[in-house]
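Structure record follows, encoded as structure tokens.
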Amino acid sequence: MKLKPLGDRLIVRAIEEEEKTASGLVLPDTAKEKPQKGEVIAVGDGRYDEDGEKRIPLDVSQGDTVLYSKYGGTEIKVDGEDLLVLRESDVLAKVEN
Amino acid sequence: MKLKPLGDRLIVRAIEEEEKTASGLVLPDTAKEKPQKGEVIAVGDGRYDEDGEKRIPLDVSQGDTVLYSKYGGTEIKVDGEDLLVLRESDVLAKVEN
Amino acid sequence: MKLKPLGDRLIVRAIEEEEKTASGLVLPDTAKEKPQKGEVIAVGDGRYDEDGEKRIPLDVSQGDTVLYSKYGGTEIKVDGEDLLVLRESDVLAKVEN
Amino acid sequence: MKLKPLGDRLIVRAIEEEEKTASGLVLPDTAKEKPQKGEVIAVGDGRYDEDGEKRIPLDVSQGDTVLYSKYGGTEIKVDGEDLLVLRESDVLAKVEN
Amino acid sequence: MKLKPLGDRLIVRAIEEEEKTASGLVLPDTAKEKPQKGEVIAVGDGRYDEDGEKRIPLDVSQGDTVLYSKYGGTEIKVDGEDLLVLRESDVLAKVEN
Amino acid sequence: MKLKPLGDRLIVRAIEEEEKTASGLVLPDTAKEKPQKGEVIAVGDGRYDEDGEKRIPLDVSQGDTVLYSKYGGTEIKVDGEDLLVLRESDVLAKVEN
Amino acid sequence: MKLKPLGDRLIVRAIEEEEKTASGLVLPDTAKEKPQKGEVIAVGDGRYDEDGEKRIPLDVSQGDTVLYSKYGGTEIKVDGEDLLVLRESDVLAKVEN
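Residue numbers (this note's numbering), protein chains in the order written: chain W, 8 to 104; chain U, 8 to 104; chain G, 8 to 104; chain X, 8 to 104; chain F, 8 to 104; chain S, 8 to 104; chain E, 8 to 104.
Structure (structure tokens):
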């Protein structure tokens, strides 16, 4: 199922990072914080400006890695996979290589 | 009864997906989450821009399949059928084929 | 008493629909939900745009049948009849014939 | 004391209507609802538009009879008389003759 | 100490009116309501419009007598005298002679 | 350490006034109200207007004495001295000499 | 990992100042207030104006030292280091040398 986010929304697939304690122990999933880094897998065309004349382009593109606020967005399940629909304002920063 | 939503509203008929547990058991209706995928059956003409000069067109059209926020919208019953009136801002994404 | 709503308001006379249970029993009035379908009996001239230069016309007209949010509006009693003053934003959809 | 309301405000003198019960009994004052019909006795010149260039004229004039929201406005006592200062947005409708 | 209010603010000196009960008894100060009539002793130059291009002039001038909302404003003590700093939106009406 | 406030902010050094009771007794510091008069020691360049084209200049300048709302602003400690960062909207009035 | 903040956001590395009590005792970390002074290590390109035509430039640049509100921003951990993502409106003042 291919999704096209509306307006200033984007869809993100969380990137879970291995988390080791100081002693090298890998923590099981439930002891970890909800991830806040993800890969952008789809972006909207931008919301309309106040005069309804043109769309304001998004600053993130498909394929970008982004940091996002842990408490923003709506969780959806697509083809058995957990994804997150965010508004661009929930994105804190892009990761540059 | 044919309905024409006002402004930036649309009317959606929920699509209930069969939901099986890992063991293949089909869950009865009350054990399932409220659906959040639906078919757009009517759309408004868009709300006026701030100057009242033209309408801002909607990004969804009749016949589209959309994902929407589970907590948005107003439930209505039309000809015995449960439908949902949403604002376009409650729509998260369109499903593309 | 003839009323002219102000700005983006309209006045609605609720349409009560006969409601029968599965067994064909007609429910007495107190057991029914508050109606959310009504006939528009008067409309305002629209609110001014942000520059105060022209009014934004309403999408509903006198004589329209509308669905409206059950929790919006202000109840008034006019010549012994219960009516409802709504803002146009409380109207969900028009019923088309 | 003559009052000139500011901006989009108006001053209203409530019109109390005789209220009889079905049996014809006139209810004493404390058993009646707070009135919501009134005569406009003064209006402001309108608030400025967003650019501060001109005022947005009011839709009600001195002498109009209006219905207004029971919970809006500020009560004032002028020369021993109870009056109400409303914003135009608290006015639901004008009564036309 | 001479004060110049900022933006859309004004400074008001409350006018206390003698209040007699029906029996002619003058009530001591603590039994009276907080005054809501005052003399304007200083006005600001108005707030800037949204484009920052010009100020929106105030509708009240120094020397005006105004009615104001009892719950608005900030009390200040200037040279031992209790004054009130209001925004113009807290002023309900001007008293005309 | 020299500070430059951002946007429509200013930095104020509170002016504590000697406060004597009627009997001439000078009250110790803890019995006094938080001061609300101060000297402006730095001002921002003003916030941008809505179109991002120019800044809206502040109405207060370095060296001004201002009255400000007791509950606004953020306390900072600079070189051991307690200062207050205010937005211009927290300033009630300028003191003129 | 290099980060590019979005819109009007910036990333700040807190500057912890040694804090001695009057007796010269250095307080351990937990007894100190959360720092509110930091170095700007990355800035966004500014948010779009209301017409979506151009970005409003930020007043802070990479390398600036800023004072910021203790309660604003979102904490992130980057390469093991605690950083803070702020909106420019959370920045109170720049430190000038």
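Ideal placement from N, C-alpha and C gives every residue a C-beta, glycine not left out.
Check	Outcome
For E/D89, which residues does DSSP report across the bridge?	E/K84
Quick one: what does DSSP say E/K41 is sitting in, helix, strand or coil?	Residue placement at E/K41 is flagged as unreliable, the pLDDT there being 49, under the threshold of 50; the coordinate-derived value follows with that caveat. Here E/K41 sits in coil by DSSP.
Using a C-beta to C-beta distance shorter than 9 Å, which residues of chain G count as neighbours of U/L10?	L74, L99, A100, K101, V102, E103
What are the boundary residues of the beta strand (DSSP E) that includes E/Y75?	72 to 75
Should S/G80 be labelled buried (16 or more other beta-carbon atoms within 10 Å of its own) or exposed?	buried
So that I know if they touch, is there some Cβ in chain W lying closer than 8 Å to that of U/D52?	no
Could you tell me which residues DSSP pairs with S/R62 in its beta bridges?	S/Y55
Cutting at 7 Å between CB atoms, please list the residues of its own chain near S/E40, excluding the five before and the five after it.	With a pLDDT of 48 at S/E40, under the threshold of 50, the predicted position of this residue should be treated as unreliable, though the coordinate-derived value follows. Counting only Cβ-Cβ distances below 7 Å, and skipping sequence neighbours, we find nothing.
Any beta-carbon of chain X closer than 8 Å to the one on G/E88?	no
Report buried or exposed for F/G51, applying the criterion of at least 16 other Cβ atoms within 10 angstroms of its Cβ.	buried
Is there at least one Cβ from chain G nearer than 8 Å to X/I63's Cβ?	yes
Give the interface partners of E/E57 over in chain S, defined as CB-CB distance under 9 Å, in chain order.	E57, D58, G59
So with CB distances below 9 Å, who are the chain S contacts of F/L13?	D66, V67, V73, E95, S96, V98, L99, A100, K101
Do you know whose CA, among W/L13, W/E95, W/K11, lies nearest W/V67's CA?	W/E95
Considering only residues of the same chain and omitting the five flanking positions on each side of S/K82, which have a CB-CB separation below 7 Å?	In the sequence as presented, Lys is not what sits at residue 82 of chain S; that position holds Glu. Excluding sequence neighbours, S/E82 sits near D89, L91.
If the cut is a Cβ gap below 8 Å, which residues of chain F does X/R2 touch?	Any question about residue 2 of chain X goes unanswered here, given that chain X covers just 8 to 104.
Mind checking W/P12: buried by the 16 CB within 10 Å criterion, or exposed?	buried
Alpha carbon to alpha carbon, what distance is there between X/R54 and U/V47?	41 Å
Compute the Euclidean distance between the alpha carbons of X/Y75 and X/N104, then round it to the nearest angstrom.	17 Å
Got a sec: is the Cβ-Cβ distance from E/V92 to anything in chain W below 8 Å?	yes
If we ignore side chains and look at the alpha-carbon of each, how far apart do W/K61 and E/G59 end up?	8 Å
So, F/L10 versus F/V85, is the Cβ gap smaller than 8 Å?	yes
Apart from the five residues just before and just after X/A49, which ones in its own chain have a Cβ nearer than 7 Å to its Cβ?	L10, K11, P12, L17, I18, Q69
Counting only beta-carbon separations shorter than 8 Å, does U/I83 have a partner in chain G?	yes
Excluding five sequence neighbours on each side, which residues of the same chain lie with their C-beta closer than 7 Å to the C-beta of F/D15?	G51, G53, R54, L65, R94, E95
Determine the direct distance from the alpha carbon of W/E24 to that of S/V107, and round the result to whole angstroms.	The displayed coordinates of chain S run from 8 to 104. Any statement about residue 107 of chain S would go beyond what the structure contains.
Pull the bridge partners of S/I18 from the DSSP assignment, please.	S/A49, S/V92
Within its chain, find whatever has a CB closer than 6 Å to the CB of X/T72; leave out the 5 residues flanking it on each side and keep chain order.	E46, V102
Between which residues of its own chain and W/A38 is the CB-CB distance below 6 Å, once the five residues before and five after are set aside?	Unreliable positioning characterises W/A38 in this predicted model, as indicated by a pLDDT of 46, which lies under 50. The coordinate reading is nonetheless provided below. Once the five neighbours on either side are set aside, W/A38 has no close Cβ partner at all.
Tell me the rounded alpha-carbon separation between U/I63 and U/D56.	6 Å
Just the C-alpha distance for G/V98 and S/M8, rounded to the nearest angstrom, thanks.	59 Å
Hey, could you find the ends of the beta strand (DSSP E) U/R99 is sitting in?	Here residue 99 of chain U turns out to be Leu, not Arg, going by the sequence shown. That run of the beta strand (DSSP E) goes 98 to 103.
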